[in-house]
């Protein structure tokens, strides 16, 4: 009888334990859905891009009252997250919990450090983001057009809210440096100059004939569109332009360090933790950068020696920057070269992966309005479910876009880099939205840099010049660790950072300038690339050593990517479990 009672007691305890676990799992699932729906409600443009069209007629409210209420709501969410007993969750759910906490904590941190006071970087602004509205909106029926017009009517109020925050930033010295803002106003001009019919925001109305509506309805819509584009949109952009030229840029700060902002040093360390998902100090990151620069420079010298070039690395870099053979003659030539490299890499993917994404990608130029101060290339995720991703190539200033750098750039931005990684994550229907759509910079950018290295293993770099271009790109990311920490916390001037990058990379002077200005205006984001790549390479080496003949590169890559974008500590746990699983088979 005692044995039976003991078994019944054990069974009861097990049942209670399972009920507790199920309760905690249910709490987490419901909480993640609540947070996601709230995010969509306060970010209507993001909601539209995610296929939620409930808010298609709205723009975000970023008034002081709205942002304060959002901050309170996210703090409440954080308390609910921390109240969940993670010991009762399966490992995949523990990752869900960690990712949700990471995302919510960032909203709170950005508000705390008043990041909304500075809604611009050297290459980005809310005005350029808004200019994507014509391409990201639906235009399948009359209501879609009316929703779009509703959003256009709200642009003046939205811009006024942004300008009000920028003025608060000016009052406390939280502004971008003047050096990175010079010429920024040119990125605004295109949206208020010229004819209404040629304006970006009017473009969708040129296709209005395709919708099911009466001629009278279409004519009324066209008339209202011209009025709204002229009186609301173009005027709002013109007012923003005047604010930049008359107030913001003349009063921008002279130094380049985020340390000089209110709570600037704490803000930088916070951003470093956010972007790298590590607890590395700025000093440790700086020293790591110096070490990597020395190592890569030695490899670059080996390429120079192999070519029997007369001169040192710096002489060779000057040769690369000035010889016409390394530059495209037309924008089309540059795009064709990038597309050719992309297709060559497409053919190599089965050697590196078992699982590939369904979503295709295209190759396109960086839009003219932002190209002069934009980085050399970028991946742009689909804005709608009927669009591909795009690998953007900057065709501005062709004599500053060397062809020998295109293979590394292509592998990073397209495949096997950002397009492949981001598309696979978004296609993981079994993962909650917070996992599919949260981008961990150390993981994503680390993967992008590692992808450049993979090109070497499958023969993408066909000449010593292209291999030098790859090494120069790796050096570029190593230099970031040095110059980013140097400028923001160690008193480096912009010129010192420029000189350091010019000395150690084969990037053109134009590219170096736009990159340094990007690091100045976007503190700590540049740290994520090298730190993430080093961790992935380290994990691969550990897997190769532990598994020996059992090591399968394709399986390893799938294991890295199968959980979506995750913090580096989670990636390490994932690969340790992968090693255990592979070793036991």
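Numbering (mature numbering (1 follows the signal peptide of the UniProt record, and there is no 0)), first residue to last: -22 to -1, 1 to 563.
Where a beta carbon is used, it is the ideal one built from N, C-alpha and C, also for glycine.
Taking the Cβ atom as the reference point for each residue, do residue i and residue j lie within a distance shorter than 8 Å?
i, j, result
"residue 158", "residue 499", "yes"
"residue 543", "residue 421", "yes"
"residue 426", "residue 509", "no"
"residue 115", "residue 122", "yes"
"residue 451", "residue 504", "no"
"residue 433", "residue 323", "yes"
"residue 549", "residue 517", "yes"
"residue 103", "residue 363", "no"
"residue 223", "residue 153", "no"
"residue 492", "residue 81", "no"
"residue 74", "residue 148", "no"
"residue 83", "residue 56", "yes"
"residue 304", "residue 382", "yes"
"residue 453", "residue 271", "yes"
"residue 101", "residue 496", "yes"
"residue 315", "residue 384", "yes"
"residue 105", "residue 170", "no"
"residue 59", "residue 78", "yes"
"residue 330", "residue 394", "yes"
Give the DSSP-derived three-state secondary structure of residue i in the structure shown.
i, result
"residue 166", "helix"
"residue 385", "helix"
"residue 501", "coil"
"residue 489", "helix"
"residue 586", "As displayed, the chain neither begins before -22 nor continues past 563, which places residue 586 out of reach and without an answer."
"residue 544", "coil"
"residue 425", "helix"
"residue 192", "coil"
"residue 409", "coil"
"residue 282", "helix"
"residue 510", "helix"
"residue 240", "coil"
"residue 275", "helix"
"residue 402", "helix"
"residue 313", "helix"
"residue 553", "helix"
"residue 245", "helix"
"residue 519", "helix"
"residue 442", "helix"
"residue 20", "helix"
"residue 300", "helix"
"residue 470", "coil"
"residue 395", "coil"
"residue 564", "Here the chain comprises residues numbered -22 to 563, so residue 564 is not present and cannot be evaluated."
"residue 266", "helix"
"residue 294", "helix"
"residue 91", "coil"
"residue 288", "coil"
"residue 13", "helix"
"residue 563", "coil"
"residue 110", "coil"
"residue 495", "helix"
Just grab the DSSP bridge partners of residue i for me.
i, result
"residue 103", "98"
"residue 380", "305"
Considering only residues of the stretch 207 to 237, which uninterrupted alpha helix (DSSP H) runs meet the minimum length of 4 residues and lie entirely inside it, listed in chain order?
213 to 221
Could you check whether the stretch 394 to 408 touches the stretch 440 to 452, counting it as contact only if at least three pairs of C-beta atoms, one from each stretch, sit closer than 8 Å?
no
Are the stretch 470 to 489 and the stretch 295 to 304 in contact at 8 Å, needing three or more beta carbon pairs?
yes
Any chance you could list the beta strand (DSSP E) runs of at least 3 consecutive residues sitting entirely within the stretch 326 to 377, in chain order?
339 to 343, 355 to 358 and 367 to 371, all fully within the stretch 326 to 377.
Are three or more beta carbon pairs between the stretch 5 to 22 and the stretch 35 to 45 nearer than 8 Å?
yes
Is the number of C-beta pairs between the stretch 80 to 89 and the stretch 140 to 151 that are closer than 8 Å three or more?
no
Under 8 Å, with one C-beta from each stretch per pair, do the stretch 355 to 374 and the stretch 382 to 396 reach the 3-pair mark?
yes
In chain order, which continuous runs of the beta strand (DSSP E) of length 3 or greater are located wholly inside the stretch 123 to 185?
Taken in chain order, the stretch 123 to 185 contains no complete beta strand (DSSP E) segment of 3 residues or longer.
Do the stretch 230 to 244 and the stretch 155 to 170 make contact, defined as three or more Cβ pairs closer than 8 Å?
yes
With a cut-off of 8 Å, do at least 3 Cβ pairs link the stretch 175 to 183 to the stretch 204 to 216?
yes
Which ranges does the alpha helix (DSSP H) cover as unbroken runs of at least 4 residues, wholly within the stretch 27 to 87, from first to last along the chain?
As far as the stretch 27 to 87 is concerned, its whole alpha helix (DSSP H) runs of at least 4 residues are 42 to 61.
Is the stretch 469 to 477 touching the stretch 512 to 521, taking contact as three or more C-beta pairs under 8 Å?
Cβ pair count under 8 Å is below three, so no.
Does the structure place the stretch 260 to 273 close enough to the stretch 454 to 464 that three or more beta carbon pairs sit under 8 Å?
yes
Count the C-beta pairs between the stretch 338 to 348 and the stretch 369 to 380 that are closer than 8 Å, then say yes if the count reaches three, no if not.
yes
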